[in-house]
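A.B. asks: Heads up: the sequence shown runs through residues 6 to 292, numbered per our numbering.
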Amino acid sequence: MASGTTGQLTAAELSARRLRRRLIIAAVFAVSLILIVLNANARGNVPSGTTVEGVSIGGLSAEQAASVLTKKLAPRIKKDITLTADGRKVTVDAQKAGLALDVEGTVSKATSLTGTGNVFSRLFGKGGDIEPVYTVNQSALDRSIAKISKKLNRGVVDGGLAFSGATVEAIEPKAGKGVTAESVTAALLDTALAKNRKHELSLEEIAPALSAQQVQDALNSLGKTVVSGPISLDVSVPGTDESAGINKTVTLPIRRLSPFLSTAVVDKKIQIAVNANALIKNLQKDL
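#1: Could you tell me which residues DSSP pairs with E347 in its beta bridges?
#2: With a cut-off of 8 Å on the beta carbons, I'd call T87 and K203 a contact; round off their distance for me.
#3: Excluding sequence positions up to five away, which residues of its chain have a Cβ less than 7 Å from the Cβ of D134?
#4: Count the other C-beta atoms from every protein chain shown that fall within 10 angstroms of the C-beta of A90, then say buried if there are 16 or more, exposed otherwise.
#5: Mark V279 as exposed unless 16 or more other C-beta atoms lie within 10 angstroms of its C-beta, in which case mark it buried.
#6: Could you spell out where the alpha helix (DSSP H) holding I176 opens and where it closes?
#7: Take the Cβ of G228 as the centre, count every other Cβ of all protein chains shown within 10 Å, and call the residue buried at 16 or more, exposed below.
#8: Please classify G103: is it buried, with 16 or more other beta-carbons within 10 angstroms of its beta-carbon, or exposed?
#9: Which two residues bound the contiguous alpha helix (DSSP H) that contains D222?
#10: So R93 is in the alpha helix (DSSP H); what residue range does that whole segment cover?
#11: Could you round the C-beta distance between V220 and I176 to whole angstroms and report it? I think they count as a contact, below 8 Å.
#12: Closer than 6 Å by C-beta to N287: which residues in its own chain qualify, once you throw out the five before and the five after it? Chain order, please.
#13: Short of 8 Å in beta carbon distance, which residues of its chain neighbour R293, apart from the five on each side in sequence? Order them along the chain.
#14: Distance check for V240 and V271, CA to CA, integer angstroms please.
#15: Assign N50 to one of two classes, buried (16 or more other C-beta atoms within 10 Å of its C-beta) or exposed (fewer than that).
#16: If you compare alpha carbons, which of A214, A180, S226 and G234 is closest to R260?
#17: Determine whether the beta carbon atoms of D140 and A105 lie at a separation below 9 Å.
#18: Beta-carbon within less than 6 Å of N142's beta-carbon, same chain only, minus the 5 sequence neighbours each way: which residues are those?
#19: Answer yes if the segment 158-176 comes into contact with the segment 60-71, meaning at least three C-beta pairs across the two stretches below 8 Å, and no otherwise.
#20: State the DSSP-derived secondary structure class of I82, mapped to helix, strand or coil.
#21: Who are the Cβ neighbours of F265 in its own chain at under 7 Å, not counting the five residues just before and after it?
#22: Under a three-way DSSP split, which group does N252 fall into?
#23: Do V162 and K182 come within 9 Å of each other at the CB atom, strictly closer than that value?
#24: Please work out which residues of its chain come closer than 6 Å, Cβ to Cβ, to V232, disregarding the five sequence neighbours upstream and downstream, and give them in chain order.
#25: Roughly how far, in whole angstroms, is the beta-carbon of D85 from the beta-carbon of V97, given that I think they are within contact range, below 8 Å?
#26: Cα-Cα, which of R93, E136, G92 and S53 is closest to L78?
#27: Can you give the beta carbon distance from N158 to V184, rounded, assuming they're within the 8 Å contact cut?
#28: For a quick check, are the C-beta atoms of A186 and I150 less than 9 Å apart?
#29: Would you mind working out which of S154, S117 and A145 sits nearest G213, comparing C-alpha positions?
#30: T71 to V108, Cα distance in whole Å?
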């Protein structure tokens, strides 16, 4: 408003006020348009052009999309995956690795505003390729990653204990090259439902799970305790129709037991592992 006047506007002020009014009207129109489009797309249909690992579900209702994914995509997870790294390869059962298609989660992702394509495409009912959603059994996945790493890694020694006769020695940790848990997980998720069942992994510098001091500490405590004298074992074998079960305590000298002992690294600690099947077979005459 001009200085020294009341109820009057300059040409510039009048122009600015008209511009603000036009902007407000345009903004209200844009919001209304978005709401109309969102309302149309909120009917539960999957945007046209939406695919999941090559399986088309665009234009289907949520129920229809779930049915298609269950029939056409979910069965792929039953086919083995081949992971390779620097010439070595390992075959993986994705189901045993704890992975399964989350059909409901995948459909929900496909019908969400940001699930497929970009937001503006999605606003107007156009989708794109989306990644499947999985349910994951973390314990099974961790076990699978450990097995895969053991087969693909080169020169990595986590450290442990070696039993022989009545003695125990340290297995010194050593760095090497291998695959990380993160890279294996990503490879499994990329391949578990893909048409291409092969994935190449890169090797990285891998540090051992234990330090030399941790191994030495385990040797001085756990290892020397195990070989310090005879060990009593509770042996329990269920019976069958042809033979009675076994439930007996057996005391063995360490020399008899040591061939069946090894160690494993669990949560950064050394644990004793026993080859139970081989041991029981060896003890048949004592039971």
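The beta carbon of each residue, even a glycine, is placed where N, CA and C say it ideally should be.
C.D. replies: Quick answer:
#1: Lying outside 6 to 292, the shown extent of the chain, residue 347 is not represented and no answer is given.
#2: The C-beta distance from T87 to K203 rounds to 5 Å, short enough to meet the 8 Å contact threshold.
#3: T56
#4: Burial is judged here by how many other beta carbons sit within 10 angstroms of a residue's own beta carbon; A90 has at least 16 and is buried.
#5: exposed
#6: Unbroken run through I176 is the beta strand (DSSP E), T172 to I176; no alpha helix (DSSP H).
#7: Under this definition G228 is a buried residue.
#8: buried
#9: A217 to A223
#10: Not the alpha helix (DSSP H): R93 falls in the beta strand (DSSP E), residues R93 to V97.
#11: Rounded, the Cβ-Cβ distance is 7 Å, consistent with contact.
#12: none
#13: In this structure the chain extends from 6 to 292, so residue 293 is not present and cannot be described.
#14: 24 Å
#15: buried
#16: If we check each option's Cα against that of R260, G234 comes out closest.
#17: It is Thr, not Asp, that sits at residue 140 in the sequence shown. Cβ atoms of T140 and A105: closer than 9 Å.
#18: G103, listed in sequence order.
#19: no
#20: helix
#21: V279, N280, A283 and L284
#22: strand
#23: No. Outside cutoff.
#24: A171, V173 and I259
#25: At roughly 7 Å, the Cβ-Cβ gap stays under 8 Å, so D85 and V97 are in contact.
#26: E136
#27: 7 Å
#28: yes
#29: According to the sequence as given, residue 213 is Pro; it is not Gly. Checking every option, the nearest Cα to that of P213 belongs to S154.
#30: A small fix is needed here, since residue 71 is Ala in this sequence, not Thr. Their Cα atoms are separated by approximately 6 Å.
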